[in-house]
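This report concerns only the one structure given below.
There are 2 protein chains.
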Amino acid sequence: MSAPTVYDVAERSGVSIATVSRVYRNPDSVRAQTRDRVLEAARALGYVPSGNARGLASRTTGVLGLCFPDYADPDAETDAEAEAEADDSAVMLYSDQIIRGMERAARRHGYALLIAASLVGGPESLVAKVAGRVDGFAVLAKTVPTEDLEVISRRLPVVMLAGPREIDHLDHIEVANSDGERELARHLIRDHGLRSLAFVGGDRESPDAQARFRGYQEACREAGLPVTDEPDLRAEMMTQAEGVRATDALLDRAAGRERPGAILFANDQMAIGALHALERRGLRVPEDIAVTGFDGIPLSRIVRPSLTTVRQPMRRLGEEAVELLVRRLANPTRDPVSLMLPVSVARRASCGCG
Amino acid sequence: MSAPTVYDVAERSGVSIATVSRVYRNPDSVRAQTRDRVLEAARALGYVPSGNARGLASRTTGVLGLCFPDYADPDAETDAEAEAEADDSAVMLYSDQIIRGMERAARRHGYALLIAASLVGGPESLVAKVAGRVDGFAVLAKTVPTEDLEVISRRLPVVMLAGPREIDHLDHIEVANSDGERELARHLIRDHGLRSLAFVGGDRESPDAQARFRGYQEACREAGLPVTDEPDLRAEMMTQAEGVRATDALLDRAAGRERPGAILFANDQMAIGALHALERRGLRVPEDIAVTGFDGIPLSRIVRPSLTTVRQPMRRLGEEAVELLVRRLANPTRDPVSLMLPVSVARRASCGCG
DNA sequence: TTGAAAGCGCTAACAG
DNA sequence: CTGTTAGCGCTTTCAA
Numbered sequence: 001m002s003a004p005t006v007y008d009v010a011e012r013s014g015v016s017i018a019t020v021s022r023v024y025r026n027p028d029s030v031r032a033q034t035r036d037r038v039l040e041a042a043r044a045l046g047y048v049p050s051g052n053a054r055g056l057a058s059r060t061t062g063v064l065g066l067c068f069p070d071y072a073d074p075d076a077e078t079d080a081e082a083e084a085e086a087d088d089s090a091v092m093l094y095s096d097q098i099i100r101g102m103e104r105a106a107r108r109h110g111y112a113l114l115i116a117a118s119l120v121g122g123p124e125s126l127v128a129k130v131a132g133r134v135d136g137f138a139v140l141a142k143t144v145p146t147e148d149l150e151v152i153s154r155r156l157p158v159v160m161l162a163g164p165r166e167i168d169h170l171d172h173i174e175v176a177n178s179d180g181e182r183e184l185a186r187h188l189i190r191d192h193g194l195r196s197l198a199f200v201g202g203d204r205e206s207p208d209a210q211a212r213f214r215g216y217q218e219a220c221r222e223a224g225l226p227v228t229d230e231p232d233l234r235a236e237m238m239t240q241a242e243g244v245r246a247t248d249a250l251l252d253r254a255a256g257r258e259r260p261g262a263i264l265f266a267n268d269q270m271a272i273g274a275l276h277a278l279e280r281r282g283l284r285v286p287e288d289i290a291v292t293g294f295d296g297i298p299l300s301r302i303v304r305p306s307l308t309t310v311r312q313p314m315r316r317l318g319e320e321a322v323e324l325l326v327r328r329l330a331n332p333t334r335d336p337v338s339l340m341l342p343v344s345v346a347r348r349a350s351c352g353c354g
Numbered sequence: 001m002s003a004p005t006v007y008d009v010a011e012r013s014g015v016s017i018a019t020v021s022r023v024y025r026n027p028d029s030v031r032a033q034t035r036d037r038v039l040e041a042a043r044a045l046g047y048v049p050s051g052n053a054r055g056l057a058s059r060t061t062g063v064l065g066l067c068f069p070d071y072a073d074p075d076a077e078t079d080a081e082a083e084a085e086a087d088d089s090a091v092m093l094y095s096d097q098i099i100r101g102m103e104r105a106a107r108r109h110g111y112a113l114l115i116a117a118s119l120v121g122g123p124e125s126l127v128a129k130v131a132g133r134v135d136g137f138a139v140l141a142k143t144v145p146t147e148d149l150e151v152i153s154r155r156l157p158v159v160m161l162a163g164p165r166e167i168d169h170l171d172h173i174e175v176a177n178s179d180g181e182r183e184l185a186r187h188l189i190r191d192h193g194l195r196s197l198a199f200v201g202g203d204r205e206s207p208d209a210q211a212r213f214r215g216y217q218e219a220c221r222e223a224g225l226p227v228t229d230e231p232d233l234r235a236e237m238m239t240q241a242e243g244v245r246a247t248d249a250l251l252d253r254a255a256g257r258e259r260p261g262a263i264l265f266a267n268d269q270m271a272i273g274a275l276h277a278l279e280r281r282g283l284r285v286p287e288d289i290a291v292t293g294f295d296g297i298p299l300s301r302i303v304r305p306s307l308t309t310v311r312q313p314m315r316r317l318g319e320e321a322v323e324l325l326v327r328r329l330a331n332p333t334r335d336p337v338s339l340m341l342p343v344s345v346a347r348r349a350s351c352g353c354g
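Sequences listed follow chains P and G, in order.
By full-length UniProt numbering, the letter at position 344 of the first sequence is numbered 344, and the numbering carries on one by one without gaps.
By full-length UniProt numbering, the letter at position 216 of the second sequence is numbered 216, and the numbering carries on one by one without gaps.
What follows is the structure, encoded as structure tokens:
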């Protein structure tokens, strides 16, 4: 009634369970004749080796993991335009690209990939579930309580992605947020001659958003423009809806005074919201005002005007993560590594380059 | 030196291993005071429950799986335009969307998702690896030898996606290929008044491609147009390059005679190849000739002219797959289900609707 | 080349 | 509420 085991296969083929095991693990160590008998019995019984038992006995799983936050933009989801008319396509998120990258790389190394997003009100520690079933895993910043990570990373290779290292003995990969935004702001200032900029940031706790703001500040400083200590506005979740609100707030605030020549958003989603808001107000982009994002999500090139942004190499992030994990698995004591992946500015229509 | 176990935690906190286990499995069944002692010990030791041991003892994993083919379009990959300039964005594939859908749905049900693509020359049976580590899994058609599936599905819930059922006791979900293509052809005939159509199909073994051709035939029949037994042309892999070749072949063949008013391709990739080929020949789409695809990949709306196509609900496919798996897990003996998901025609520029 | 036996770390009755 | 006791199905020495 229950699933067949090595014992069943062994019995049916007249060998010991050790031999059955060998057939699956290292076929060449078994006489061809014996092997065939075993395989035949296995087939007849519908035998499938238990990954759990294997893992338990051998202390490896052949699986790498990824924990990522539930990044779904709720606005994009409920939006009839995005959901009903749904090309899911446009809504591809970071996590999807990281997954792609990791899956590819993992496959090359003979690993499968276990993915799990932190469910918002998740009861059980997401990470524990993953951690218990993989040989090593990557974590997107802010997905898992540092405290948990602290404990787990003592027993298992962990690589932190796209955030500050937080725990100093971990491998870690980040993206050149600051460089990218500085580059972008420079472009606006130097190539488009804009001198009145506004920056819409994210949560103060978001290292990415903060780094981007720093890049913006640097560009302003270089150009001799006024440098603000804080973004002109902050948004918690950095969603499209917040982009709309931020834009309205900024423009209302500027009413009467001179309107900024460009608004730089800490991510694409907000910038796209801004595009909508501006259109509603009858302002033309980029003629009346330039808009930029950050991330290079697919939607950014589909919206009209197409969005000038900074592309993050998310897929590569995933690939590098796997490389780091594999390398650490091979050599658990090597020193922690910290990588910074370069980004590139995508000059498109929303800044006037289209 | 090695990872701490329940025994270590039990000893350090002065309880039995059973209590430690309870703390993780059902915290409320342990007195708060005891629980805290255990948790503290666990923290101190860096204890992480072994998923393998848990799975082995409880006979469940809390993980669902997905096996998908290595779908990368080699043409799209090597293409400098797609790889170097790389917005991965445009290259999002079915599998990515299915993964999205499954991950979401799995999460809702408290499952994590294990994904594995069949590596081309893969040694070990991909599916065995997955099968041994999950409570149930979905398989994209043509990914796994039917023979293996036959064996495995006797022990584990399996749902077949986007293909023929192949094994009759499996749950299975397909997409209304035939309906979609019929709808599309009708639109061309009725709304655009086209009466001379050509169809470029795929491999005779591809059920999807065949079903699409049938839909095309039906529309022709309804409209009193000549009905061919075979597609005007077939392509093995249905890549862009083949789309180019097919288009050239078709047009060369028609040289002198009347050129078809529209070419319907069995998928988007070929249709996009056709767009290139036609441009090269100086033919305008849709004025001189209409072109349609099938799938609704992201690229289809980005190309110029944007491609009229039939959108497949890939994400929903993933969601439904999880629902089916969960339901079968709850009731292993219920009759196999077969779902057909509806598709929708996306009328865009390449047929003259843009 | 094959077999015997001892775990791997946890859950699941069943007692208490 | 907590402890005892068997396994779960496989890998892995160590012998034969």
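Every residue gets a Cβ at the ideal spot worked out from N, C-alpha and C, and that includes glycine.
Values in this document were obtained by computation on a predicted structure and should not be read as measured data.
Give every residue of the same chain whose Cβ lies closer than 7 Å to the Cβ of residue i, excluding the five residues on either side of it in the sequence, and list them in chain order.
i: residue 355(P); result: Only positions 1 to 354 of chain P appear in this structure, which leaves residue 355(P) out of reach.
i: arginine 43(G); result: none
i: valine 112(P); result: One detail in the question is off: residue 112(P) reads as alanine in this sequence, not valine. These residues qualify, in order along the chain: Gly62, Val63, Ala106.
i: arginine 214(G); result: Ser178
i: glycine 352(G); result: His192, Pro286, Ala290
i: lysine 129(G); result: Ala116
i: aspartate 88(G); result: Because aspartate 88(G) carries a pLDDT of 43, less than 50, the predicted location of this residue cannot be relied on, and the following value inherits that uncertainty. Contacts found: none.
i: leucine 170(P); result: Ser153, Val158, Val159, Met160, Pro336
Quick one: residues in its chain with C-beta nearer than 6 Å to the C-beta of residue i, no 5 flanking neighbours on either side, listed in chain order?
i: arginine 108(P); result: none
i: threonine 78(P); result: Reliability of the predicted coordinates at threonine 78(P) is poor, the pLDDT of 42 falling under 50, and the value obtained from them is presented with this limitation in mind. No residues qualify anywhere along the chain.
i: alanine 138(P); result: Leu66, Val159, Leu161, Ala321
i: aspartate 75(P); result: Any reading at aspartate 75(P) must be qualified, since the residue scores a pLDDT of 46, below 50, and its modelled position is unreliable; the value itself is stated next. Closer than 6 Å at Cβ, skipping near neighbours: Thr239, Gln240, Ala241.
i: arginine 37(P); result: Ser13
i: proline 342(G); result: Ala176
i: histidine 172(G); result: Met160, Arg165, Ser338
i: proline 207(P); result: Gly163, Pro164
i: asparagine 331(P); result: none
Looking only at its chain, what residues have a beta carbon closer than 8 Å to the beta carbon of residue i, apart from the 5 residues adjacent to it on each side?
i: methionine 314(P); result: Tyr94, Gln97, Ile98, Gly101
i: arginine 22(G); result: Ser29, Val30
Relative to the C-alpha of residue i, which residue among the options is closest?
i: valine 175(G); options: Ala346(G), Tyr7(G), Val200(G), Met340(G); result: Met340(G)
i: threonine 146(P); options: Arg133(P), Val134(P), Val127(P), Asp135(P); result: Val127(P)
i: glycine 354(P); options: Thr308(P), Val343(P), Val326(P); result: Thr308(P)
i: glutamate 258(G); options: Asp208(G), Leu194(G), Ala32(G), Ile173(G); result: Leu194(G)
i: glycine 243(G); options: Val345(G), Ile272(G), Glu230(G); result: Ile272(G)
i: arginine 311(G); options: Glu181(G), Arg245(G), Gly132(G), Ala277(G); result: Glu181(G)
i: tyrosine 347(G); options: Pro336(G), Arg284(G), Gly296(G); result: Reading the sequence as shown, one finds arginine at residue 347(G) and not tyrosine. Closest by alpha carbon: Gly296(G).
i: proline 226(G); options: Ile115(G), Ala57(G), Ser196(G), Arg245(G); result: Ser196(G)
i: valine 15(P); options: Ala141(P), Asn26(P), Gln33(P); result: Gln33(P)
i: residue 389(P); options: Glu103(G), Arg284(G), Ser2(G); result: The structure shown does not extend to residue 389(P), since chain P spans only 1 to 354, so no value can be given for it.
i: proline 305(P); options: Arg35(P), Thr19(P), Ala274(P), Asp8(P); result: Ala274(P)
i: glycine 282(G); options: Asp229(G), Leu140(G), Thr247(G), Pro4(G); result: Thr247(G)
i: alanine 141(P); options: Gly293(P), Ala349(P), Glu205(P); result: Glu205(P)
Does the ligand ZN have a heavy atom nearer than 6 Å to the CB of residue i?
i: serine 2(G); result: Although the ligand ZN was asked about, the structure shown includes no ligands whatsoever.
- Query: When Cβ atoms are compared, which residues of the region 45-59 of chain P fall closer than 8 Å to chain G?
  - Reply: Residues Gly46, Tyr47, Val48, Pro49, Ser50, Gly51, Asn52, Ala53, Arg54, Gly55, Leu56.
- Does the region 153-163 of chain G come within contact of the region 237-246 of chain G, defined as at least 3 CB pairs closer than 8 Å? Because the criterion of three Cβ pairs below 8 Å is not met, the region 153-163 of chain G and the region 237-246 of chain G do not touch.
- Determine which residues of the region 17-36 of chain G have a Cβ less than 7 Å from any Cβ of chain P, and write them out in chain order. Cβ contacts with chain P: none found.
- May I ask you to list, following chain order, the residues of the region 146-170 of chain P that have a beta carbon less than 8 Å from some beta carbon of chain G? Taking 8 Å as the upper bound on Cβ-Cβ separation, chain G lies near residues Val151, Ile152, Arg154, Arg155, Leu156 of the region 146-170 of chain P.
- Identify each residue in the region 288-315 of chain P for which the Cβ-Cβ distance to at least one residue of chain G is less than 9 Å, and report them in chain order. When C-beta distances to chain G are compared with 9 Å, the residues of the region 288-315 of chain P below that value are Gly296, Ile297, Pro298, Leu299, Ser300, Arg301, Ile302, Arg311, Pro313, Met314, Arg315, in chain order.
- Do the region 251-270 of chain G and the region 179-188 of chain G make contact, defined as three or more Cβ pairs closer than 8 Å? A contact exists between the region 251-270 of chain G and the region 179-188 of chain G.
- Message: Can you pull out the residues from the region 98-114 of chain G whose beta carbon lies closer than 7 Å to at least one beta carbon of chain P?
- Response: Going along the region 98-114 of chain G in chain order, one finds Ile99, Arg100, Glu103, Arg107, Ala112, Leu113, Leu114 with a Cβ nearer than 7 Å to chain P.
- Message: Tell me which residues of the region 315-338 of chain G have at least one Cβ-Cβ distance to chain P shorter than 7 Å, keeping chain order.
- Response: Closer than 7 Å at the C-beta level to chain P, one finds these residues of the region 315-338 of chain G: Arg315.
- Task: Please list the segments of the beta strand (DSSP E) lying wholly inside the region 19-73 of chain G, counting only runs of 3 or more residues, in order along the chain.
- Result: Annotation note: the region 19-73 of chain G contains the following uninterrupted beta strand (DSSP E) runs of length 3 or greater, listed N- to C-terminal: 63-68.
- Message: Restricting to runs no shorter than 4 residues, where is the alpha helix (DSSP H) found entirely within the region 117-188 of chain G?
- Response: You should have 126-131, 146-152, 177-186.
- Query: Which runs of the alpha helix (DSSP H) fall wholly inside the region 233-276 of chain P and span at least 4 residues, in chain order?
  - Reply: Those alpha helix (DSSP H) runs which fall completely within the region 233-276 of chain P and span 4+ residues are 240-253.
- Task: Could you name the residues of the region 122-142 of chain P whose beta carbon sits closer than 7 Å to any beta carbon of chain G, in the order they occur along the chain?
- Result: Those would be Ala128, Lys129, Val130, Ala131, Gly132, Arg133, in chain order.
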